[in-house]
Structure formats: C-alpha cells, structure tokens
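Note sheet for the following structure.
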C-alpha cells in the first residue's frame with residue numbers, strides 16, 4: 007500500500023462519516039422536539055455535508071479521486087467506509103442527541119490533531135472544521151447537561167442512550183493497521199488508538215459532570231466493520247434514497 | 075414562504091359583531107388615526123379586541139404554514155441530487171422553520187402562547203396554507219415550490235409587511251429578504267430542468283400541470299365572493315385584495331415560465347392588454363374548500379407528522395419545563 011492509498015482510505019472514511027451523519031441530521035428537519043432543535047440539527051447537517059464535500063474535493067484534487075458528486079452519491083455500498091454508528095436511524099431524540107455528542111467530540115479531537123498533519127492540504131481545512139465543530143460540541147454539551155439535571159425520565163433516557171451508543175461510538179476508532187502504520191510513520195495523523203484515548207478522557211469528564219456513567223471500554227464489544235466496507239442493514243436503503251434522483255437520468259445535470 | 079392570501083376564519087366570526095365595534099370610541103378613534111397616519115401599533119399599545127383577534131389568526135396561520143410548508147420540500151432533502159442542491163435545500167427548509175419561529179414569537183406578543191397555537195394546529199382548529207396539502211411527487215415539484223410558491227408568497231408578504239402591526243411587519247421584512255434568496259435558488263433549479271434532458275423537461279412540465287391549480291388557489295377566492303370586512307383593510311391587517319395579488323403574480327411569473335418553453339394547463343390564461351388584467355379559467359373553488367376542511371390529498375399526513383413530533387418530543391419539553399432543572403448555558 008502506498009502513502010496515497012493510505013491517505014485515500016483515511017479521507018474516504020472521514021468524508022463518509024460526515025456525509026452519512028449529515029444525512030441523518032438532516033432527517034430531523036420538521037421533526038425536532040422544539041423548533042429550535044429542528045434548526046440546530048439542520049445547521050449541523052449543512053456543516054457535516056459541507057465537510058464531506060470538502061474532503062471529497064481533496065481526494066479528487068490531491069489524490070486523483072473521482073468527481074465529488076458521483077463519488078459521494080453513486081458508489082456501491084461496500085465501497086463506503088463510514089462507521090456503523092452514523093448509519094443507524096435517528097430513532098428518538100435521546101439516541102440522536104447522544105450520537106451527536108459522542109460523534110462530534112471524536113470529530114473535534116480528530117480535526118484538532120489534523121491541524122498539524124504532514125499532509126499539507128488537510129491543515130487549513132482541519133483548522134476551519136475544528137472551528138465549526140466547536141459549536142456542535144457546545145450544543146451537545148449544553149443539552150446533555152440540561153437533560154441530565156431535568157428529572158428522572160430525561161436522566162434515565164440519557165444514561166440508556168449512552169449505554170446503547172458507547173460500543174457503536176468505539177467503532178469510529180476501528181483500527182486499520184496497514185494504512186494506520188503508514189499514516190502514523192509519515193506524521194499524517196496520530197492514529198486511531200491515540201485519538202480514542204483522547205476522546206475517552208474528554209467524554210469521561212463531560213459525562214461525569216453530567217452524572218452519567220460512561221461504560222468501561224473493557225465491558226463492551228466495539229462495533230467494527232464499517233472501515234472494511236461491511237455495513238449495517240441501514241446503509242443500503244439510505245444510499246438508494248440519497249442517489250435516487252441522480253440515478254433517474256444519468257445523462258442529466260441537476 | 076408562505077402566507078397565502080386567504081385567511082381562514084370560522085364562518086360565524088367573519089363579520090364583526092356589534093359589541094366589538096363598540097370599543098371605547100375615543101381610544102378607537104385615536105387608534106384608527108394612528109393607523110391612518112402610517113404609525114405602527116406595538117404590543118403594549120391599546121388596540122380593539124377584534125384587531126387583536128384577527129392578527130393572532132393571521133400570524134398564527136402564517137406561522138403554521140411555515141412549519142407545515144417545510145414538510146413537502148423536506149421530504150426531498152435526503153434525495154436532493156448533488157451537494158449543491160442538497161445544501162441549498164436544507165438551508166432553505168431550515169429558513170422556513172426559522173420563519174415559523176419568528177412568526178410564533180410575533181403572535182405571542184398578542185397574548186397566545188406557541189403551545190396553544192400548536193395545539194390548535196393539531197386539533198384542526200387552526201388552519202395553514204392549502205397549498206401544502208398537496209404531495210411533492212418528484213424533484214421537479216421541489217423546483218416548482220421553490221420558484222413559484224415562494225414567488226407567490228413574496229407577493230403576499232411584501233404587501234403584508236406594510237401592515238399596521240409592528241412585530242409582524244418586522245418579522246416579514248426579514249422573511250421577505252430570505253424568501254427572495256429562496257426564489258433565486260428555486261428559479262435556478264427550475265431553469266436547470268427546463269433546459270435539461272427530455273426526461274427532466276417532462277418531469278418539470280408534469281409538476282407544473284399538477285401545481286398550477288393549487289397556485290391559483292393560493293391567493294384565495296375571487297374578491298367578489300371573498301368576505302373580508304373593510305375594517306381589516308382600514309386597520310391595515312389585510313393589505314391587498316386576493317385578485318390584485320393573483321394578477322400581480324401572473325404578470326410577473328407567467329412570462330418567465332413561458333420563456334423557458336414550458337406551458338401552463340389553462341387554455342384561457344391570457345393577459346387582456348386593454349385592462350392589464352389576466353384572464354384565466356376559474357379554478358375549482360369547491361375543491362379549495364374541501365381541502366381547507368381536511369379533504370386534501372395530504373392533510374392527514376401533514377398533521378400526523380406534526381403529531382409525531384409533538385408526541386416524541388414531549389419528554390424533552392417536559393424536562394425543559396421542570397422547575398428543579400438548572401439552566402445550562404453552553405460554556406466555551
């Protein structure tokens with residue numbers, strides 16, 4: 007595997023995570039528990055989909071990848087590299103909020119590290135994205151803290167959502183030993199294991215402040231597979247929906 | 075978007091009752107003089123009870139139209155073709171929800187809570203623009219809504235922005251500013267299909283054919299049958315007649331549609347150059363009434379979606395209202 011292959015693998019995984027999480031966020035439009043949350047999830051959807059677009063453009067411009075629209079919307083399911091966590095349907099607001107909290111802290115840490123990447127095209131983008139994701143994590147932190155203090159039902163829902171989400175969230179950091187070794191050696195990023203440690207430190211403290219028990223990592227089985235192209239049953243229908251108009255007339259521009 | 079010219083009211087409340095006209099005559103005269111001078115009425119000011127009631131009704135229906143109006147287009151966010159259209163559509167629908175928020179806030183200044191308004195929406199007591207009770211069948215429907223329904227709404231809202239109630243006018247000014255941007259997006263996506271492949275053109279023509287009657291309904295029944303008291307015009311609650319707004323819309327947009335090679339499904343549609351008025355076949359007003367009263371293709375579906383949001387979000391709202399809860403501000 008060349009350095010560029012390894013880079014393409016990492017960037018595709020990052021972009022696919024952002025695209026699918028953005029898609030899920032956008033599904034809250036019109037359905038939020040209060041109007042202000044509709045608007046918040048819409049905003050985050052735009053940011054995430056914008057992040058994916060920017061990463062696909064780097065793939066195209068720096069690594070000879072495909073045109074972003076067709077790459078994002080028309081690949082076969084097994085060619086996506088997103089983690090399972092983002093694929094799951096939104097469920098109730100408690101699941102969506104907890105996913106947003108855990109996922110966005112992972113994103114914040116990842117982009118913070120990538121500001122120092124040896125892969126120069128990623129540095130300015132990481133700087134910009136880190137600034138946007140800051141607002142996503144602030145939003146998640148405020149809601150988690152608020153709901154944990156607002157009575158038994160909402161507290162129980164938060165803890166239960168955390169228990170459900172935690173093994174899925176560990177899937178964000180699924181190791182890719184071959185590519186990972188090259189990327190670490192080249193100074194492109196610190197590797198999934200290090201990112202995971204930083205993330206655990208951060209979410210542990212935030213959970214503790216909110217009175218939530220973060221399950222022990224050793225007590226759960228991380229849900230892996232996405233980075234190798236094995237997906238949940240939820241991804242294929244999502245992709246069919248996402249590419250439906252595109253596929254209806256392959257000659258057309260939209 | 076999305077005022078719509080037609081303000082639904084319970085039939086027995088359409089006429090001002092005698093006692094409602096008997097507000098304190100001195101205050102009433104001063105109030106009417108302020109409006110005649112072009113002053114804005116603000117929330118703390120004295121106002122006739124009927125003025126308050128009509129405004130709540132108007133602004134509330136407008137707010138409902140925004141959040142229900144987000145639904146037909148919202149169903150296409152996940153299917154929007156390509157990054158550019160997808161991001162534009164999410165942003166646009168998000169704006170519409172934001173307009174709903176602004177308008178509920180404006181209506182709340184008159185004394186009805188957002189919660190009470192949403193409850194009246196769900197119970198069917200309070201209405202919203204009829205046009206959102208039709209399905210968005212294809213991507214072309216999204217472009218027709220974004221271009222023509224937003225355009226129609228702008229005609230209505232620009233007129234209403236000159237009305238007499240300060241908070242509503244200020245909300246509308248901001249809304250119109252954002253709507254004009256939606257219109258550009260809608261027009262751009264509409265042109266893309268109109269100048270695209272044969273399949274795209276056909277998709278667009280089909281959407282136009284289906285949406286034309288709802289668009290003609292949008293401004294409400296003809297003036298000759300529309301029961302609106304002169305008082306509402308005098309109080310600057312209603313700013314333009316249904317026929318005038320419809321004519322203005324046709325004047326501005328029919329040429330834009332036709333110059334793209336698209337047709338409209340009304341053989342009578344033609345401008346009378348001597349009067350400057352458009353002639354058209356009478357849309358089916360019985361259908362219009364049927365849809366208002368819940369008989370449209372999507373009335374039940376739209377309310378079911380809102381019902382879902384209400385039920386599934388209840389625990390969140392309940393938690394926020396918990397008196398023991400400590401408010402949390404985001405900390406950087």
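Chains as they are written, first to last, in the numbering used here: chain A, 7 to 260; chain B, 75 to 406.
Glycine included, each C-beta is placed from N, C-alpha and C at the ideal position.
No experiment lies behind these values; they were computed from the predicted model shown.
- Secondary structure at residue 260 of chain A: coil, using DSSP grouped into helix, strand and coil.
- For the pair residue 113 of chain A and residue 27 of chain A, the Cα-to-Cα distance works out to about 11 Å.
- Within 9 Å of the CB of residue 391 of chain B, the CB atoms of chain A belong to 39, 40, in sequence order along the chain.
- Within 9 Å of the CB of residue 106 of chain A, no CB atom of chain B is found; the nearest one sits about 14 Å away.
- Excluding residues up to 5 positions away in sequence, 17, 20, 21 lie with their Cβ nearer than 6 Å to the Cβ of residue 61 of chain A in the same chain.
- The criterion of a C-beta distance shorter than 8 Å is satisfied by residue 39 of chain A and residue 390 of chain B.
- When DSSP reads this structure, residue 345 of chain B sits in a beta bridge with B:352.
- According to the DSSP assignment, residue 35 of chain A belongs to no alpha helix (DSSP H), since it is labelled neither H nor E.
- For residue 115 of chain B, the beta-bridge partners assigned by DSSP are B:239.
- The way I'd put it, the stretch 159–175 of chain B doesn't touch the stretch 194–207 of chain B; fewer than three beta-carbon pairs between them come closer than 8 Å.
- Inclusion of residue 220 of chain B and residue 252 of chain A in the CB contact set at 8 Å is not warranted, their separation being larger than that value.
- Residue 311 of chain B places its beta carbon less than 8 Å from that of residue 125 of chain B.
- The count of Cβ pairs closer than 8 Å, one atom from the stretch 204–216 of chain B and one from the stretch 140–147 of chain B, reaches three, so the stretches are in contact.
- For residue 101 of chain A, the nearest beta carbon of chain B is not closer than 8 Å to its own beta carbon.
- Going by DSSP, residue 249 of chain A is part of the alpha helix (DSSP H) stretching over 241–254.
- One alpha carbon belongs to residue 194 of chain B, the other to residue 258 of chain B, and they sit about 34 Å apart.
- Taking C-alpha positions only, residue 123 of chain A is separated from residue 193 of chain A by approximately 6 Å.
- Per DSSP, residue 382 of chain B is one residue of the alpha helix (DSSP H) stretching across 373–395.
- The beta carbons of residue 101 of chain A and residue 171 of chain A sit closer together than 8 Å.
- For secondary structure counted as the alpha helix (DSSP H) over 4 or more consecutive residues, the stretch 147–223 of chain B holds these complete runs in sequence order: 157–182, 188–197, 213–218.
- Using a CB distance below 7 Å, the part of the stretch 267–280 of chain B facing chain A consists of 270, 271, 273, 274, ordered along the chain.
- What residue 151 of chain B touches in chain A, judged by beta-carbon distance under 7 Å, is 32, 35, going in chain order.
- Residues of chain B whose Cβ lies closer than 8 Å to the Cβ of residue 163 of chain A are, in chain order, 389.
- Following the DSSP letters along the chain, one finds residue 163 of chain A inside the alpha helix (DSSP H) bounded by residues 158–176.
- Contact between residue 96 of chain A and residue 34 of chain A holds, with the beta-carbon distance rounding to 6 Å and staying under 8 Å.
- Bounds of any alpha helix (DSSP H) do not take in residue 222 of chain A, whose DSSP letter is neither H nor E.
- Between the alpha carbons of residue 226 of chain B and residue 75 of chain A lies a gap of roughly 32 Å.
- A residue is called buried when at least 16 other Cβ atoms come within 10 angstroms of its Cβ; residue 143 of chain A meets this threshold and is buried.
- If you check the CB distance, residue 218 of chain A and residue 168 of chain A come in under 8 Å.
- Rounded to the nearest whole angstrom, the C-alpha separation of residue 386 of chain B and residue 137 of chain A is 32 Å.
- For residue 7 of chain A, no CB of chain B lies under 8 Å from its own CB, so it is not counted at the interface with that chain.
- What residue 255 of chain A touches in chain B, judged by beta-carbon distance under 7 Å, is 271, 273, 274, going in chain order.
- Listed along chain B are 161, 164, 165, each with a C-beta nearer than 7 Å to that of residue 52 of chain A.
- Residue range 128–154 is occupied by the alpha helix (DSSP H) that includes residue 149 of chain A.
- Counting C-beta atoms within 10 angstroms of its own C-beta, residue 7 of chain A has fewer than 16 neighbours from the protein chains shown and is therefore classed as exposed.
- Between the stretch 237–256 of chain B and the stretch 170–187 of chain B there are three or more inter-stretch CB-CB distances shorter than 8 Å, so the stretches are counted as touching.
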